[in-house]
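Peer 1: Quick one: this structure, given as structure tokens, is what I'll be asking you about.
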Amino acid sequence: MTASGVSIAVIMTIGLLSVIAVRGLGHFWPADVIEADYQVPGEAARVIAGELVQKEEVPRARLASAGMPVDTKGGEFMTRELFKVGNREVFGADFSWVVAEWLSNVRQPEQLLTLERREWGNFYGYLVNVKQDGKVVADGDAAWNELQERLKRSDELFKQISRLQKSDIGHINYGLEQLRLQSRKLELEKRLDATAQADLDARRAELDAQYKVLEAQLVELHQQFNRDSVTVRTVDGREQEIGLGKVVHAYQPNAMGVATKLSFYFSKLWEFLSDDPREANTEGGVFPAIFGTVMMTLIMAVIVTPFGVLAAIYLREYAKQGPLTRIIRIAVNNLAGVPAIVYGVFGLGFFVYVLGGSIDRLFFPESAPAPTFGTPGLLWASLTLALLAVPVVIVATEEGLARIPRALREGSLALGATKAETLWKVVLPMASPAMMTGMILAVARAAGEVAPLMLVGVVKLAPSLPVDGNYPFLHLDQKIMHLGFHIYDVGFQSPNVEAARPLVYATALLLVLVIALLNLSAVFIRNHLREKYKALDH
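What follows is the structure in structure tokens.
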């Protein structure tokens, strides 16, 4: 019975992960684009084009109740298909349901083009020409190669603009803000004399001069970036001009072979892992969320391990075993079962408002009324998760300490070692695998939590990473993105549900893989420690 239960659990886990993987990873495959004639009874025929996303059987009565001209004398069910038609500025929506029986002349033209844009989703149509400064430079068969070359140039310019805005100009803005805060601090301390003001003005003038140079470079890059455009025609004959600066990828999926599609697939997968999100998190990548999740989990592990281990050592090795110790153990076990949102409310009230507000009043009065640490951020999110996970570490470490034979302690003491030396050199090394087990359990629980993080530091979109080139390099006061919250936001807060659904699966799979990677790293360390100290067990 036990083996059957374990087998069922393993099969269900593998099945769940398989469903998530297929639906998530399949999103990056360049699907063929279908073009077909579509005629609703009683209406004029029209041409539609798009990617087939979903197909389902629905009762005729349901379609009839929705106001569709369905013949109720036919079969009980009709086939309904969901097409990703794109062209949001033309049709008003990215997705459209059609009745399969009303489609005819279904085809897949090789010339049908897919434009993946930075805004407004995909565009499906035919390439007409390529323009530079409003003048046609290529049309017909030559337009495709010209489009690819100019798209590469546009992508390189976009990277330069992003680098200039985030790194160079961001560094200058950070310096100007530090000068403002320094001036305010000197003013509060009544030390802002003429000499100090002149020094601040000189440094500010230097930064302003650097900013003007970078601003001129940025204007020039934007002019080059907006130089090229492409004219495309929808399948129903409407033409539209789109700037290449708004286009991420241009490809003809119906003309791509398997090898070309595989290459495109892996490039899209890498883009998902390495780029910033766009289009209300329904397009682009999730790198800031990956970085925030890993960074917060590592900081949480660094905080929770010493506190949990020290608490377990005191309870097991030093505390007098009596009613008070038993009550503390019961409290620790009960803390492990407290709902996570309660920890979030406590973190918001104590860490953010009380502790963070006190730090601001003592060390950052020049920032008032804008808070520095008195607002949700990376540090408070990590501390809240540490508080949530510390009972797990305490219990696991205590169990590990209890397994160490008393004879080893007595032998060490008999050889002249003090109790502290015995604890440090004999007991703790042998209990280290149990400590790592506690940390594994803590990481597994904390990394996937979402509810408390919504209150203490995680946001929908963080404009910059908490690690950069500005002193002190690691900004614990910054808000971060998190894979768990990203899933919640994309899945339940997105205005475009159908476009967001595949990313929910992909991000969920990525979160599982990140947690598994963190856990496997800890398991590797634990096994290494177990092998190292195995001889002492005997």
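full-length UniProt numbering numbers the first residue of the sequence shown as 1 and each following residue consecutively. All residues carry an ideal CB built from backbone N, CA and C; glycine is no exception.
Of the residues R163, S521, T384, L513, which one's Cα is nearest the Cα of S18?
Peer 2: Locating residue 18 in the sequence shown gives position 18, where the first residue counts as 1. Nearest option by C-alpha distance: L513.
Peer 1: Could you please give the first and the last residue of the uninterrupted alpha helix (DSSP H) stretch that includes E521?
Peer 2: On the sequence shown, residue 521 is found 521 positions in, with the first residue counted as 1. At residue 521 the sequence reads Ser, which differs from the Glu that was named. Its alpha helix (DSSP H) spans residues 497-532.
Peer 1: Among the candidates Q111, L383, A420, whose CA atom is the shortest distance from the CA of M307?
Peer 2: Mapped onto the sequence shown, residue 307 falls at position 307. Position check: residue 307 holds Phe in this sequence, whereas Met was assumed. F307 has its Cα closest to that of L383, out of Q111, L383, A420.
Peer 1: Excluding the 5 residues preceding and the 5 following H249 in the sequence, name in chain order all residues of the same chain whose CB lies nearer than 6 Å to its CB.
Peer 2: Indexing the sequence shown from 1 puts residue 249 at position 249. Answer for H249: E116, listed in chain order.
Peer 1: Within a Cβ cutoff of 7 Å, which residues of the same chain sit near S7, ignoring the five residues on either side of it in sequence?
Peer 2: Here the question's residue 7 lines up with position 7 in the sequence shown. Here the set comprises nothing.
Peer 1: Determine the burial state of H482: buried for a count of at least 16 other Cβ atoms within 10 Å of its Cβ, exposed for fewer.
Peer 2: Counted from its first residue, the sequence shown places residue 482 at position 482. H482 is buried by the Cβ-count criterion.
Peer 1: Under a three-way DSSP split, which group does H482 fall into?
Peer 2: Sequence index remark: in the sequence shown, residue 482 carries index 482 (1-based). It is coil, neither helix nor strand.
Peer 1: Can you give the Cα-Cα distance for H538 and M430, rounded to whole angstroms?
Peer 2: The residue labelled residue 538 in the question sits at position 538 within the sequence shown. The residue labelled residue 430 in the question sits at position 430 within the sequence shown. The predicted model places H538 with a pLDDT of 49, which falls under 50 and marks its position as unreliable, so this point remains unresolved.
Peer 1: Please determine, among V309, L511, L503, the residue with the shortest C-alpha to C-alpha distance to W424.
Peer 2: To locate residue 424, count along the sequence shown from 1; it is residue 424. Ranking the options by Cα distance to W424, first place goes to V309.
Peer 1: Skipping 5 residues on each side, what residues in its chain have a beta carbon closer than 6 Å to that of F225?
Peer 2: One-based indexing of the sequence shown puts residue 225 at position 225. Correct list, in chain order: L157, G245.
Peer 1: Enumerate, from N- to C-terminal direction, the unbroken beta strand (DSSP E) stretches of 3 or more residues contained entirely within the stretch 340-394.
Peer 2: none
Peer 1: In this structure, what does DSSP give as the bridge partners for R117?
Peer 2: For the purposes of this step, residue 117 is identified with residue 117 of the sequence shown, where counting begins at 1. Answer by DSSP bridge pairing, in chain order: V247.
Peer 1: Starting from the Cα of G257, find the closest Cα among A31, S65, L218, Y488 and give me that residue.
Peer 2: Within the sequence shown, numbered from 1, the residue matching residue 257 stands at position 257. The option with the nearest alpha carbon to G257 is A31.
Peer 1: Buried or exposed: which applies to L474, given that a residue is buried once 16 or more other Cβ atoms fall within 10 Å of its Cβ?
Peer 2: Counting from one through the sequence shown, the residue named residue 474 turns up at place 474. So L474 counts as exposed.
Peer 1: Please state whether DSSP places V238 in a helix, a strand or coil.
Peer 2: Mapped onto the sequence shown, residue 238 falls at position 238. In the sequence on display, residue 238 carries Arg and not Val. Coil, per DSSP.
Peer 1: Report yes or no: do the stretch 438-447 and the stretch 393-400 share at least 3 C-beta pairs separated by less than 8 Å?
Peer 2: Look at the beta carbons and you see the stretch 438-447 touching the stretch 393-400: at least three pairs across the two are nearer than 8 Å.
Peer 1: Alpha carbon to alpha carbon, how far is V427 from A407? Give it in angstroms, no decimals.
Peer 2: Residue numbering aside, residue 407 sits at position 407 when the sequence shown is read from its first letter. Residue numbering aside, residue 427 sits at position 427 when the sequence shown is read from its first letter. Rounded to the nearest angstrom, the gap between the Cα atoms of A407 and V427 is 11 Å.
Peer 1: Output the boundary residues of the beta strand (DSSP E) element that contains R316.
Peer 2: Translated into the one-based positions of the sequence shown, residue 316 becomes position 316. No beta strand (DSSP E) contains R316, which DSSP labels as neither H nor E.
Peer 1: Can you give the Cα-Cα distance for L355 and G374, rounded to whole angstroms?
Peer 2: In the sequence shown, counting from the first residue as 1, residue 355 sits at position 355. In the sequence shown, counting from the first residue as 1, residue 374 sits at position 374. C-alpha separation (whole angstroms): 7 Å.
Peer 1: Taking just the CA atoms, how far does L517 sit from A9?
Peer 2: Locating residue 9 in the sequence shown gives position 9, where the first residue counts as 1. Locating residue 517 in the sequence shown gives position 517, where the first residue counts as 1. Going from the Cα of A9 to the Cα of L517 covers about 21 Å.
Peer 1: Please go through the stretch 277-316 and give each complete alpha helix (DSSP H) segment of 4 or more residues, from N-terminal end onward.
Peer 2: Listed in chain order, they are 287-313.
Peer 1: From M454 to Q478, what distance separates their C-alpha atoms?
Peer 2: Here residue 454 is taken as the residue at index 454 of the sequence shown, counted from 1. Here residue 478 is taken as the residue at index 478 of the sequence shown, counted from 1. Straight-line Cα distance between these residues: approximately 14 Å.
Peer 1: Over the uninterrupted alpha helix (DSSP H) stretch that includes I404, give me the two end residues.
Peer 2: Against the sequence shown, residue 404 aligns to sequence position 404. Careful: I404 lies outside any alpha helix (DSSP H) and carries neither H nor E.
Peer 1: Find the nearest neighbour of R180 within the set V128, R107, R203, judged by alpha-carbon distance.
Peer 2: Residue 180 sits at position 180 when you count from the first residue of the sequence shown. It is R203.
Peer 1: DSSP has A138 in a bridge; who is on the other side?
Peer 2: Start at 1 with the first residue of the sequence shown, and residue 138 comes out as number 138. V130.
Peer 1: For E51, count the other beta carbons within 10 Å of its own beta carbon; 16 or more makes it buried, fewer makes it exposed. Which is it?
Peer 2: As a working mapping, residue 51 is identified with position 51 in the sequence shown. E51 is buried by the Cβ-count criterion.
Peer 1: Would you kindly report the start and end of the unbroken beta strand (DSSP E) that includes S167?
Peer 2: Against the sequence shown, residue 167 aligns to sequence position 167. Unbroken run through S167: none, as it is neither H nor E.
Peer 1: In this structure, how does DSSP classify A31 when only helix, strand and coil are distinguished?
Peer 2: For the purposes of this step, residue 31 is taken as the residue at position 31 of the sequence shown. It is coil, neither helix nor strand.
Peer 1: Please look up how many angstroms separate the CB atoms of K131 and T231, rounded, as I've assumed it's under 8 Å.
Peer 2: Locating residue 131 in the sequence shown gives position 131, counting from the first residue. Locating residue 231 in the sequence shown gives position 231, counting from the first residue. Their Cβ separation, rounded to whole angstroms, is 7 Å, which keeps K131 and T231 in contact under 8 Å.
Peer 1: Residues in the same chain with beta-carbon distance under 8 Å from E498, minus the five sequence neighbours each way, listed in chain order, please.
Peer 2: Residue mapping note: residue 498 aligns to position 498 of the sequence shown, counting from 1. V53, L82, K84, D94, F95.
Peer 1: Alpha carbon to alpha carbon, how far is L298 from L335? Give it in angstroms, no decimals.
Peer 2: Translated into the one-based positions of the sequence shown, residue 335 becomes position 335. Translated into the one-based positions of the sequence shown, residue 298 becomes position 298. Each residue's alpha carbon lies about 22 Å from the other.
Peer 1: Are at least three pairs of beta-carbons, each pair with one atom in the stretch 269-289 and one in the stretch 488-495, less than 8 Å apart?
Peer 2: Proximity of the stretch 269-289 to the stretch 488-495 meets the contact definition, three or more beta-carbon pairs being nearer than 8 Å.
Peer 1: Since L147 contacts I172 with CB under 8 Å, what's their CB separation in whole angstroms?
Peer 2: By 1-based counting over the sequence shown, the position of residue 147 is 147. By 1-based counting over the sequence shown, the position of residue 172 is 172. The Cβ separation is near 36 Å, so there is no contact.
Peer 1: Compare the C-alpha of A370 against each of T437, L520, E177, R403 and name the closest.
Peer 2: Within the sequence shown, the letter at position 370 stands for residue 370. Checking every option, the nearest Cα to that of A370 belongs to E177.
Peer 1: Using the Cα positions of T372 and V304, report the straight-line distance between them to the nearest angstrom.
Peer 2: Stepping through the sequence shown from its first residue, residue 372 is reached at position 372. Stepping through the sequence shown from its first residue, residue 304 is reached at position 304. If I take the Cα positions, the gap works out to 24 Å.
Peer 1: Go ahead and pull the three-state DSSP assignment for E421.
Peer 2: For this step, residue 421 is matched to residue 421 along the sequence shown. In the structure shown, E421 sits in a helix (DSSP, three-state: H, G or I).
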